[in-house]
Amino acid sequence: MGAKKRVAVIGAGTAGLCAAKHSISAGMDVTVFEQMSQPGGTWVYSDDVGTDKFGLQVHTSMYRGLRTNLPKEIMGYPDFPIPGDGVSYIPAEEMLAFLHSYAQSFGVKSLIKFNHHVIRVRPLGQPSDRHAWELMVRDMPNNELLTLNFDFVFVCNGHYHTPYTPRYSGQEDFLGTITHSHDYRCAE
Numbered sequence: 005m006g007a008k009k010r011v012a013v014i015g016a017g018t019a020g021l022c023a024a025k026h027s028i029s030a031g032m033d034v035t036v037f038e039q040m041s042q043p044g045g046t047w048v049y050s051d052d053v054g055t056d057k058f059g060l061q062v063h064t065s066m067y068r069g070l071r072t073n074l075p076k077e078i079m080g081y082p083d084f085p086i087p088g089d090g091v092s093y094i095p096a097e098e099m100l101a102f103l104h105s106y107a108q109s110f111g112v113k114s115l116i117k118f119n120h121h122v123i124r125v126r127p128l129g130q131p132s133d134r135h136a137w138e139l140m141v142r143d144m145p146n147n148e149l150l151t152l153n154f155d156f157v158f159v160c161n162g163h164y165h166t167p168y169t170p171r172y173s174g175q176e177d178f179l180g181t182i183t184h185s186h187d188y189r190c191a192e
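Residue 155 in the working numbering sits at position 151 of the sequence shown, and the numbers go up by one each step.
Rendered as structure tokens:
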């Protein structure tokens, strides 16, 4: 029997946790890289906007008081549904707690490298024989740059990370504040 295949999962949100869980089930050596300090991806709320304490763009677009726009009955995993009776459209905090529970229940949480930002992923070897990947990762609290090799990489960094703010004619004449919905946190 050969050595376990090494799998990197970039992102500990909904997709990243699922990819890690199934890679563990397949007997692989899994490492999850998450730039935030907890799992949950877009479901993690922060008052911060702009850049975080490490100089990275704040990832979350979550705002205070958000409820899911899909029923919880279809948002869970086939083998791990969101618990509870009653309301189908749950608060964001419940969705985040569910993802924490999922990560803990399947042994994923202990494999997550929190506050680790993946800077680069590049294939190793020839195009016809690429079976390895090199990741350049910054351990942000220690400001260390790591170079690590993996057999497989899942890129699960989400869809809601980078806001786009279009420019329009006359924008420079507007005297108010222009705020992208990514940076909206509350109506107060």
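For each residue, glycine too, the CB sits at the ideal point set by N, CA and C.
Tell me which residues share the same chain as Glu-38 and place their Cβ nearer than 8 Å to its Cβ, disregarding the 5 neighbours each side in the sequence.
Gly-15, Ala-16, Gly-20, Ile-116, Lys-117, Phe-118, Asn-119 and His-120
Answer yes or no: do Ala-136 and Asn-153 have a C-beta to C-beta separation smaller than 8 Å?
Going by C-beta atoms, Ala-136 is nearer than 8 Å to Asn-153.
Pull up the distance between the alpha-carbon of Gly-90 and that of Thr-64, whole angstroms please.
28 Å
So who's on the other strand from Ile-14, going by DSSP bridges?
Phe-37 and Val-159
Quick one, which of Arg-10, Asp-143, Tyr-168 and Thr-166 has its alpha-carbon nearest Phe-58's?
The shortest Cα separation from Phe-58 among Arg-10, Asp-143, Tyr-168 and Thr-166 belongs to Asp-143.
Buried or exposed: which applies to Leu-149, given that a residue is buried once 16 or more other Cβ atoms fall within 10 Å of its Cβ?
exposed
Please determine, among Gly-162, Asn-73 and Ser-92, the residue with the shortest C-alpha to C-alpha distance to Thr-18.
Gly-162
Check for me: the alpha helix (DSSP H) holding Glu-97 runs from which residue to which?
Glu-97: member of the alpha helix (DSSP H) spanning 96-109, first to last residue.
On the DSSP bridge assignment, give the partners of His-121 in chain order.
Arg-142
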